[in-house]
Amino acid sequence: MLTYTDFLLAMPLFSLTVTVLLIIATEAARVGRARFSQFLAITGLLVTSLLAGLNLRESGVAFQGMIATDAASSYLTILLSLAGIVTALVARPYFEHRDAHRGEFYILLLFAIIGMVLMASANDLITLFLGIELMSFCLYVLAGFERTKDKQNESALKYFLLGAFASAFLLYGIALIYGSVGSTNLDAIARAYAGISNQPLFLLGTAMLIVGLGFKVAAVPFHMWAPDVYEGAPTVVTGFMATAGKSAAFAALAIVMIRTFDIGGSTTADVLALLAAASMVLGNVVAIAQTNLKRMLAYSSVAHAGYLLAGVAAGTAEGFAGVFLYLTAYTVTTLGAFAVIGWHERTNDEGTSLDDYVGLSQHQPVIAAVMALYMFSLTGIPPFAGFIGKYYVFMAAVRADLTWLAIVGVLTSAVSAFYYLRVIVMMYFRERDGEHIPLPRIPVMIALGITAALVIVVGVLPSTVLQLFMPAM
Amino acid sequence: MTLEQLMFYGLGAVGIGSGLLVVTRRNPVMSALSLVLNFFCLAGLYLTLNAQFIAVIQIIVYAGAIMVLFLFVIMLLNLRDERALSDRLSARKIIGAGLAFGLLLQVLYILMSAADGFPQKDEALAVSTGTVEVIGVQLFTTFLFPFEITSLLLTAAIVGAVLLAKKKLD
Amino acid sequence: MIPYAPLIVLFPLVGFLLIALAGWKYRSERLIGIVGSGVVGLSFALAVGVLLEMAALPSDARSWSVDLFPWIDTFTGTAGSFGISVGYQFDQLSILMTLIVTGVGFLIHVYSIGYMHGDEGYWRFFAYLNLFIFMMLNLVLANNFLLMFLGWEGVGLCSYLLIGFWYQKTFTGDAGKKAFIVNRIGDFGFLLGMLLIFKTFGTLEFSAVMSGASVMTAGTSVAFWIGMLLFIGATGKSAQIPLFVWLPDAMAGPTPVSALIHAATMVTAGVYMVARCAPLYALSPDALLVVAVIGGVTAVFAATIGLVQNDIKKVLAYSTVSQLGYMFLAMGVAAFSAGIFHVMTHAFFKALLFLGSGAVIHGMHEEQDIQKMGGLKKYMPVTWATFLIGAIAIAGIPPFAGFFSKDEILWYAFSSDLGSPALWLLGALGALMTAFYMFRLVYLTFYGKERFDHHHVHPHEAPKTMTIPLMVLAFLSIVGGFLGVPPALGGGHIIEHWLAPVFAPAQRTLMLSAHASHTAEYILMAVSVLIAVGGIYLARRWYLEHLDVPDSMAAKFAGLYRLLWNKYYVDEAYDAAVVKPIQRLSDAFLWKVFDMKIIDGAVNGSGWLAQTAAQWLRKVQNGVAQSYAVIFVGGILVVVSALLFF
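For the protein sequence lines, the chains are A, B and C, in the order given. In terms of the numbering used here, the first sequence opens at residue 352 and continues consecutively. In terms of the numbering used here, the second sequence opens at residue 353 and continues consecutively. In terms of the numbering used here, the third sequence opens at residue 7 and continues consecutively.
Structural data, given as structure tokens:
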């Protein structure tokens, strides 16, 4: 039976759905222009995060155990809404500049966020899968949003082909797990886990789950799509899928691996640790060779997936907290960085190369300073957000007896300094000879302000953030 | 060998064969028709499991609607023989085939070794769950939420398809 | 004053925020200078107040710690060791370092008012300097490793920004990057050391770690590795072998920066850290031996390079590396307070020397080559006098400050249970060369023929804001040593007494025996004075009286000279052994092998990639995506095998 609580717990989902239907209706009726859709989307996302905020201290399952709302999922809903708001803010100047500002963008953006919220609050493998598909589908289309651009078409098609490939494995994994447990409900699987965790069938299912989700988070060796897709997609979309998409996938991974499977110390944890180490090493080392900023951040996002996987591999509550904190840090930082890139990019797709950033600090000191802030945060320099995230996942790894993984992490983040700082060197320590780029428009400035402030707030007051999603602590 | 087993092996063999044809035929129409055959075999397998509803849906939706659409598209696009694209036997193909075969062996090995652990087929249960009524009830009670989410997925798909396919955007 | 002690840290932050947020709009040099220097002066005054009140307390009550707010929360349900507060520890050691940082820092801020006059980035410079002081204070006052690491990274960041301050010169940007990257290698050691400490003691609070260390058995390999890893961090920040390469390049930054960051304060952070972790190091005499040997060898090694350099700041930079070596030598023989004493005196005379060199460069219109100077004594008498005082102090002539601290280190290197005559010999050799190259510098710069072009260069004395700090520092370089007159000379050694309670636990663990006789101490003292005088005499003979000697020597020992002139080719070696291979690995191997786009495109047929985008469909069908799928399947194979078959 459905009760009042069911709907209460799913309020953020409803508000997102209502918003998206409203936008579809107004678009269809041509009431407003794309700007009106943007306004609706931002309002809807604000309401959603407010509702999710009200749910922060609630917990329970709804709709016959299909979704579970708790502090972590509500927190992630807020984070995803934030990513949506920042993306929506940046999208208008970006697409208007390219003459491609259309309301469909916001529809797909919101649909994607619905999928992500489902992933973060899934309590059943079916809901999880539907969430992933909803998110992925919207991202495929968004990656090729400007239809006339071949680069974007290529990006979208590649993402779609490989994504479908990965989804097939994910689904196969779900089927195998259903076969060995007899249920797709995460609570039921959690209860059965101790008894079946060594069964080959179940392990094969787990492996397929890791493969499918590993693709979504772009972990080595399932990362191949990321550089091409990140580079080809419109920059605002890249920023969104690199942050919100990764956050949702990691939330799902953490929920399944830590909460449901309790993998701490098992072979599954070792496999995840292996993928984590490979991602850190490959992502960071290859990023050094990149000269295009979008591509560099793509490899960097592979590396960050490695750090996050270290938290998942720890398999403890600390690892769980570490993953969520890291996601927060990574999301706010990377969103900001992509907002800067999107502003700097020219209509003909130029302006994303590292050389284009030469001497930026002389023309736009504020933007350069903000970008430097993001780069420092990504490098993991205290007291910025990125450092806190790394501290948590590495400490969690150490306490879960994965010291070697923490060592790899520390070593590779030392390597990462090389390419992040190159951006700063370009901006600060070189003479400008390129064209002058005007200050970003107000929405972009707001987006930069929000993310930059959060980079510092999360870095200085991580406990406050932690208490939001871990109320018991 | 019981009739059921005979059905299973027969349909399975045809299914695999037609699946292979899908990826090896150079003529896209041939591939599409092989896929239809493959769907029919799958529907037959569902039937042997007493899953009538799925079997019917498989034929109506996949073999009927979707594949017809496929064929329309192929014929409208008038694709030529794709020999040019598939002739070369590159290292990638060999490695890819090798890896896929390795994966197949792995999965087979695991399934074989885990065969004892499989739940046995429960005839009565199978009969009672495969019907349209039971599925309908399930879909609108326990699985109501995923069902509704599917509607969102479809809406998103429509928006995406319109966006990508519309001739002229305003 | 004591309740307000945390404000010491806060003032520079306020200054930084004020200047950073408003400075670029209101570019009043006067206001920026006053705010920038004022906040540091306030911190200094407050630190003096705290010191006075602390001195009035009984010696066991002179250490306390203040937690301001929880930084990282603990997890309930697990051992409560995850959490870390932003908290400051005030004790005899940290307050002394605070005084050095804020005191010397204040003088250098004042000096910068004059030095940076008219620079376009005036506000930026003061903002960075204030941020630096804030970070440095976090480093020395932190009560846990994590906050110390914040400061550690923060000062590195500021140093990086300030080295590259004049980005118009390409070289400065590269130097900044080099400094940062080399330091990251050191930080890697520091972080790993922190992880190991966390794993061993379950906490990162100094007090808990140190009390944990005091009950641990000595000589375990864990203690050794903790010591080593932390020391790797120290070699990065304090420019010791093998990570010293960044410091000489760092001289590309403005001179006040060289004085403040790369001589007086930041580079001594490694020494401070070792001193702070003395109880940990006491657990592993092996680790201490490594510290001592690296310190001693660096002292000599850097001094030999300093012998032949012609850039006034480069000489001072290698001298700094060498002097830092002395400090680590002191740490390594468990003469912790002697090392800190040298940190203090070195801050005085090296800041003086750098600021003096800044005045010279300023007066010579940005000329840094000492071969193009000479005879400047009559043009800039104040600079000359103060520079001479600094040189005498660093050479180790009594009763100047350097004599007492250096002599004490040499004495411990010889007499301590952990020391040996060989370590003493290294120190003595370094002292000889130090005296020589410092006076080579003095003679070539201020004496002899005027080798500059009178038409273009008109040497002049620096303005008041620059000479007054010089005079103050010169005064400190003369009297600073009296804080540490050893008992053998009838002094009370105030510094050692003051710091004794801090190092007592370490000394207890080490159980060192009493020192040798005063007679030996007198003899060594006399020897070291003789060495210093000898070095000065040699410099005078070669660079003032017989000017042909250096050239004929250079010709005679051409190979050696080239080796020294090229700094033992260390940079080139690192480039060939580390930098190039990593770049090649990234560029040629990982990227190109793993990124199939390159395999399928650029490498195998560069025209392929350049084909018009209209053929994207073919590209997708024929190449890239399938390759990705192949890798993907390989990945599945690996995951399944790892999960099921291992």
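Note that beta-carbon positions come from the ideal geometry of N, C-alpha and C, so glycine has one too.
Residues that residue i contacts on chain B, provided the C-beta gap is smaller than 7 angstroms
i	result
residue 780/A	Those do not exist, as residue 780/A stays about 43 angstroms from chain B at its closest Cβ, beyond 7 angstroms.
residue 572/A	Those do not exist, as residue 572/A stays about 11 angstroms from chain B at its closest Cβ, beyond 7 angstroms.
residue 409/A	None at all; the shortest Cβ gap to chain B is about 18 angstroms.
residue 417/A	497 and 498
Buried versus exposed, by CB contacts within 10 Å (16 or more), residue i
i	result
residue 356/B	exposed
residue 567/A	buried
residue 389/A	buried
residue 363/A	buried
residue 136/C	buried
residue 256/C	buried
residue 607/C	Residue placement at residue 607/C cannot be trusted, given a pLDDT of 39 that sits under 50; the coordinates are not used to answer.
residue 466/C	exposed
residue 361/B	exposed
residue 602/C	Bear in mind that the predicted position of residue 602/C carries a pLDDT of just 44, short of 50, making it too unreliable to give a figure here.
residue 144/C	buried
residue 485/C	exposed
Separation of residue j from residue i, as counted between CA atoms
i	j	result
residue 764/A	residue 638/A	12 angstroms
residue 226/C	residue 289/C	8 angstroms
residue 822/A	residue 355/A	24 angstroms
residue 658/A	residue 399/C	50 angstroms
residue 417/B	residue 381/B	16 angstroms
residue 547/C	residue 214/C	57 angstroms
residue 445/A	residue 464/A	20 angstroms
residue 550/C	residue 453/C	7 angstroms
Residue nearest to residue i in terms of C-alpha spacing, selected from the options
i	options	result
residue 813/A	708/A, 782/A and 674/A	674/A
residue 478/C	533/C, 198/C, 362/C and 21/C	362/C
residue 562/A	696/A, 464/A and 608/A	608/A
residue 17/C	90/C, 498/C, 320/C and 140/C	140/C
residue 528/C	495/C, 206/C, 222/C and 296/C	495/C
residue 792/A	394/A, 685/A and 441/A	441/A
residue 767/A	194/C, 21/C, 511/C and 61/C	194/C
residue 668/C	558/C, 516/C, 646/C and 507/C	Residue 668/C is absent from the structure shown; chain C starts at 7 and stops at 652.
residue 581/A	436/A, 751/A, 693/A and 416/A	693/A
Within 8 angstroms, strictly: CB atoms of residue i and residue j
i	j	result
residue 270/C	residue 341/C	no
residue 517/A	residue 503/A	no
residue 281/C	residue 337/C	yes
residue 664/A	residue 753/A	yes
residue 203/C	residue 151/C	yes
residue 688/A	residue 744/A	no
residue 207/C	residue 192/C	no
residue 334/C	residue 301/C	yes
beta-carbon residue i near the ligand SAM non-hydrogen atom, thresh 7 angstroms
i	result
residue 44/C	As presented, the structure is devoid of all ligands, the ligand SAM included, so that no description of it is given.
Closer than 7 angstroms at the beta carbon, the chain C residues around residue i
i	result
residue 447/B	636
residue 462/B	650
residue 451/B	636, 639, 640 and 643
Under 8 angstroms from the C-beta of residue i: neighbouring residues of chain A
i	result
residue 194/C	761, 762 and 765
residue 502/B	481
Interface residues of chain C facing residue i [CB-CB closer than 8 angstroms]
i	result
residue 745/A	201
residue 455/B	639, 642, 643 and 646
residue 768/A	186, 187 and 190
Proximal residues of chain B, C-beta to C-beta of residue i below 9 angstroms
i	result
residue 555/A	458, 459, 462, 463 and 466
Residue-chain proximity (residue i, chain F), Cβ-Cβ < 8 angstroms
i	result
residue 455/A	The structure shown contains no chain F; its protein chains are A, B and C.
Chain-ordered neighbours of residue i on chain A, where CB pairs are closer than 9 angstroms
i	result
residue 198/C	757, 758, 761 and 762
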